[in-house]
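Residues 0 to 430 in numbering that gives the first Met the number 0 are what the sequence shown spells out, letter by letter.
For every residue, glycine included, the Cβ atom is placed at its ideal position computed from N, Cα and C.
Nothing here was measured: the structure is a model prediction, and the numbers come from that model.
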Amino acid sequence: MSKVNVVLGVFYGDEGKGKIIDYLSKSADYAVRFSGGNNAGHTIKVDGEKFAFHLLPSGILNENIKAVLGNGVVIDPKVLIEEIESLKSHGFPVNNLYISDKAHVIFPYHIVMDGILEENRGENKIGTTKRGIGPCYCDKFERCGIRIADLIASNFEELLKRNVINKNKIIEAYGHEPLEYRQILEEYREYAEKLKPYVCDTTSMLHKALKNDESILCEGAQATLLDIDFGSYPFVTSSNPTIGGVSTGCGIGSSYIGEVYGVTKAYSSRVGEGPYVTEETGEIGDLIRELGHEYGTTTKRPRRCGWLDLVALNYAIMLNGITALAINHLDTVGKLDKIKLCIAYNYNGNIITDFSSNIDFLTSCTPIYEEFEGNFGDISNCKTFDELPENAQKYINRIEELTDTPVKFIGTGAARENTIIREEKQKQLIR
Ligand code: IMP
Numbered sequence: 000m001s002k003v004n005v006v007l008g009v010f011y012g013d014e015g016k017g018k019i020i021d022y023l024s025k026s027a028d029y030a031v032r033f034s035g036g037n038n039a040g041h042t043i044k045v046d047g048e049k050f051a052f053h054l055l056p057s058g059i060l061n062e063n064i065k066a067v068l069g070n071g072v073v074i075d076p077k078v079l080i081e082e083i084e085s086l087k088s089h090g091f092p093v094n095n096l097y098i099s100d101k102a103h104v105i106f107p108y109h110i111v112m113d114g115i116l117e118e119n120r121g122e123n124k125i126g127t128t129k130r131g132i133g134p135c136y137c138d139k140f141e142r143c144g145i146r147i148a149d150l151i152a153s154n155f156e157e158l159l160k161r162n163v164i165n166k167n168k169i170i171e172a173y174g175h176e177p178l179e180y181r182q183i184l185e186e187y188r189e190y191a192e193k194l195k196p197y198v199c200d201t202t203s204m205l206h207k208a209l210k211n212d213e214s215i216l217c218e219g220a221q222a223t224l225l226d227i228d229f230g231s232y233p234f235v236t237s238s239n240p241t242i243g244g245v246s247t248g249c250g251i252g253s254s255y256i257g258e259v260y261g262v263t264k265a266y267s268s269r270v271g272e273g274p275y276v277t278e279e280t281g282e283i284g285d286l287i288r289e290l291g292h293e294y295g296t297t298t299k300r301p302r303r304c305g306w307l308d309l310v311a312l313n314y315a316i317m318l319n320g321i322t323a324l325a326i327n328h329l330d331t332v333g334k335l336d337k338i339k340l341c342i343a344y345n346y347n348g349n350i351i352t353d354f355s356s357n358i359d360f361l362t363s364c365t366p367i368y369e370e371f372e373g374n375f376g377d378i379s380n381c382k383t384f385d386e387l388p389e390n391a392q393k394y395i396n397r398i399e400e401l402t403d404t405p406v407k408f409i410g411t412g413a414a415r416e417n418t419i420i421r422e423e424k425q426k427q428l429i430r
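1) Consult DSSP for Lys77 and reduce its assignment to one of helix, strand or coil.
2) Any heavy atom of ligand 1 within a distance shorter than 8 Å of the CB on Thr402?
3) Closer than 6 Å by C-beta to Lys407: which residues in its own chain qualify, once you throw out the five before and the five after it? Chain order, please.
4) Sorted by chain position, which residues of the same chain lie with C-beta nearer than 6 Å to Asp138's C-beta, five sequence neighbours on each side aside?
5) Start and end of the alpha helix (DSSP H) containing Thr431?
6) My understanding is that Ile378 touches Ile326, with C-beta atoms under 8 Å, so please give their C-beta distance in whole angstroms.
7) When DSSP labels each residue in this structure, what does Cys143 get in the three-state scheme?
8) Any heavy atom of ligand 1 within a distance shorter than 8 Å of the CB on Val270?
9) Output needed for Val93: all residues of its chain with C-beta closer than 8 Å, excluding positions within five of it in sequence on either side, in chain order.
10) So, helix, strand or coil for His41, using DSSP?
11) Cα separation between Glu389 and Gly373?
12) So, at 8 Å on beta carbons, what are the nonlocal neighbours of Ala27 in its own chain, with the 5 sequence-adjacent residues on each side left out?
13) Buried or exposed: which applies to Lys195, given that a residue is buried once 16 or more other Cβ atoms fall within 10 Å of its Cβ?
14) Taking the alpha-carbon positions, what's the Tyr136 to Pro233 distance?
15) Hey, could you find the ends of the beta strand (DSSP E) Ile350 is sitting in?
16) Can you list, in chain order, the residues of its chain with a C-beta nearer than 7 Å to that of Arg288? Leave out the 5 residues immediately preceding and following it.
17) Which runs of the beta strand (DSSP E), 3 residues or longer, sit entirely within the segment 334-387?
18) Cβ atoms of Thr202 and Gly69: under 9 Å apart, would you say?
19) In whole angstroms, give me the CA-to-CA distance for Asn349 and Ser363.
20) With a 10 Å radius around its C-beta and 16 neighbouring C-beta atoms as the bar for buried, classify Ser231 as buried or exposed.
21) Figure out for me which residue from Val270, Ile419 and Leu150 has the closest Cα to the Cα of Lys193.
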């Protein structure tokens, strides 16, 4: 039987997963999203044309691939339909999309609640994307959520009415205008009609594919340190973007999983609140932001920027069983005179290399750095590792050494083709 390969972000999202997914999806039969919703964002360029997706798997532009939204994804139908229609208007037929009947649906009350909850948190706000993601997952676990299958079911009106009445009690208590359920009903019935042709039991579809020896690529959204269980709680998203999310988010057991690619940048960034040990709040942070164009795809917020943190990276490698790394933006750090790499933390005078996502720990730690020479020059045309300047090679080699994980992909520029692929780099799996 064939294996399932997975691409995951290792820090706080926005690592440039799309670039690696694009390459790997060329040899995959299925591209699957298993967690999160339209809080994610990726831009894909095809024949010079830019597509900004928040929900659709990046692999969908490959017409030979079947693109799947698994049961672990939360779906705002309005956003999904806009993305489908934008693709159709550019000549893509979109007859390769499959939506799990078990995925939960985002409603306007989730979006209103996301805003209210953030406002109510005051100084302790999480900095959510305000797309209703958290409140939708809350309903899923509270067992009052409405799933894609329910949108088309005969009792949809009943379920919606119940939820709107209940949510309005909270919405009004916070001094906001109540929502009108009939308006939502009409709108969502239209969405249901448009989405119906794509809905199916994606889990059994994927298992049939595995039996037929077809290959599956699971596309992570967000990243390890935003994980609801393993991230810097409460400054996290409401799902599991880590490896376990693959199993629960599309129904594929862990024994099917083959390669796990961890994607990072040669520096780091974070959007939203929460601790960030290697953050640079001064001039260097501003410089990295400008050089790396670090502004959110989803919310356009300027991203917080800093150095690559190997303590956190080793945690992500351990948690996810990462078999190879992809390091993007080597060209960006190469424009700096000096590059710092965090190799340990100083915690109350003790040198620590074991990460803890505990907030008190993270806010008490200071980074311990090794410094590297920058000024790589233009590396965008380097096609092999050996063509990279010595300083760039030293930086990558040190990351490999301190993580004991091969760096298989190296991003040397913004375009897809500005990527060094080291096919020979493969970790020996202990299985
Ligand atoms: P939520 O997922 O909208 O609830 O936001 C929770 C936290 O996760 C906030 O700090 C967001 O900025 C962050 N977040 C959610 N999705 C992404 C993403 O795709 N990239 C980076 N940060 C994200």
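Put simply:
1) helix
2) no
3) Ala323, Arg421 and Lys424
4) Gly144
5) A question about residue 431 goes unanswered here, because the residues of the chain that appear run from 0 up to 430.
6) Not really, about 12 Å apart at Cβ, beyond 8 Å.
7) coil
8) Correct: Val270 has its Cβ closer than 8 Å to ligand 1.
9) Ile59, Ile83, Leu86 and Lys87
10) strand
11) 10 Å
12) Asn4, Gly58, Ile64, Ser214, Ile215 and Leu216
13) exposed
14) 15 Å
15) Asn349 to Ile351
16) Excluding the 5 residues flanking it on each side, Arg288 has same chain C-beta neighbours closer than 7 Å at Pro301, Arg302 and Cys304, in chain order.
17) 337-346, 349-351 and 364-372
18) yes
19) 11 Å
20) buried
21) Here the closest residue by C-alpha is Leu150.
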